[in-house]
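*Asks:* Below you will find the structure I want to go over with you.
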Amino acid sequence: RATEASLQRFIFPEVIWRVKKWLRLGMEVTLSRSLVHLDQYLSDVIETRKQELMNRNKDYDDLLSRFMKRKEYSSDSDKFLQHVALNFILAGRDTSSAAMSWFFWLVVENPMV
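Under this note's numbering, the first residue of the sequence shown carries the number 94, and numbering increases by one thereafter.
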């Protein structure tokens, strides 16, 4: 929903979506709620991983853990980690959807495959 709401900002003139945002109408309300939900989810994931790394429950070797294990990491960096995680989620979703679109188009165009 957040992606759809963001897309509408490119479709409608700026004055329209700004008025809708100010009046809390349509997709602008959805965007606000989605961003709050997304921030809370990513914050929970980061906090959970932080606790797991401190308790040494398991030795993680993923990107989030690598960022957290760096010397420069502090709890002030959590917002930065949220943005990094969101970028990877969106990048993965976008590349997967593009690959699937191409796959199905190629299958339709080449039914003998």
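Think of the CB as a built atom: it goes at the ideal place given N, C-alpha and C, for glycine as much as any other residue.
Which residues mark the beginning and the end of the alpha helix (DSSP H) in which Lys113 is found?
*Replies:* Start at 1 with the first residue of the sequence shown, and residue 113 comes out as number 20. That run of the alpha helix (DSSP H) goes Glu107 to Leu116.
*Asks:* With DSSP collapsed to three states, give me the class of Arg163.
*Replies:* Position 70 of the sequence shown holds residue 163. It is coil, neither helix nor strand.
*Asks:* Does Lys113 pass the burial test, meaning 16 or more other C-beta atoms within 10 Å, or should it be called exposed?
*Replies:* By 1-based counting over the sequence shown, the position of residue 113 is 20. It is buried - the Cβ of Lys113 has at least 16 other Cβ atoms within 10 Å.
*Asks:* Determine the closest residue to Asp171 out of His130, Trp110 and Leu135, with distance taken between C-alpha atoms.
*Replies:* Taking the first residue of the sequence shown as position 1, residue 171 is located at position 78. Closest option to Asp171, Cα to Cα, is Leu135.
*Asks:* Report the option in Lys162, Ser99 and Glu140 whose CA atom is closest to the CA atom of Met120.
*Replies:* Residue numbering aside, residue 120 sits at position 27 when the sequence shown is read from its first letter. It is Ser99 whose Cα lies nearest to the Cα of Met120.
*Asks:* Between Thr71 and Asn148, what straight-line distance do the alpha-carbon atoms span, to the nearest angstrom?
*Replies:* Missing from the structure shown is residue 71; the chain here goes from 94 to 206 and no further.
*Asks:* Quick check on DSSP: helix, strand or coil for Ala126?
*Replies:* Residue 126 sits at position 33 when you count from the first residue of the sequence shown. The sequence shown places Arg at residue 126, rather than the Ala named in the question. In this structure, Arg126 counts as helix in the three-state DSSP scheme.
*Asks:* Helix, strand or coil: which one does DSSP assign to Arg149?
*Replies:* Sequence index remark: in the sequence shown, residue 149 carries index 56 (1-based). Arg149: coil per DSSP, three-state reduction.
*Asks:* In this structure, does DSSP put Met120 in helix, strand or coil?
*Replies:* Locating residue 120 in the sequence shown gives position 27, where the first residue counts as 1. DSSP places Met120 in helix when its eight states are reduced to three.
*Asks:* Taking the CB atoms as reference points, tell me whether Arg102 and Trp110 lie closer together than 7 Å.
*Replies:* The residue labelled residue 102 in the question sits at position 9 within the sequence shown. The residue labelled residue 110 in the question sits at position 17 within the sequence shown. Yes, they are a contact pair.
*Asks:* Measure the alpha-carbon distance for Leu183 versus Pro204 and round it to whole angstroms.
*Replies:* Start at 1 with the first residue of the sequence shown, and residue 183 comes out as number 90. Start at 1 with the first residue of the sequence shown, and residue 204 comes out as number 111. Rounded to whole angstroms, Leu183 to Pro204 spans 31 Å at the Cα level.
*Asks:* Once you ignore the five residues that flank Ala178 on each side, which residues in its own chain have a CB closer than 6 Å to its CB?
*Replies:* For the purposes of this step, residue 178 is identified with residue 85 of the sequence shown, where counting begins at 1. The residues are Leu135.
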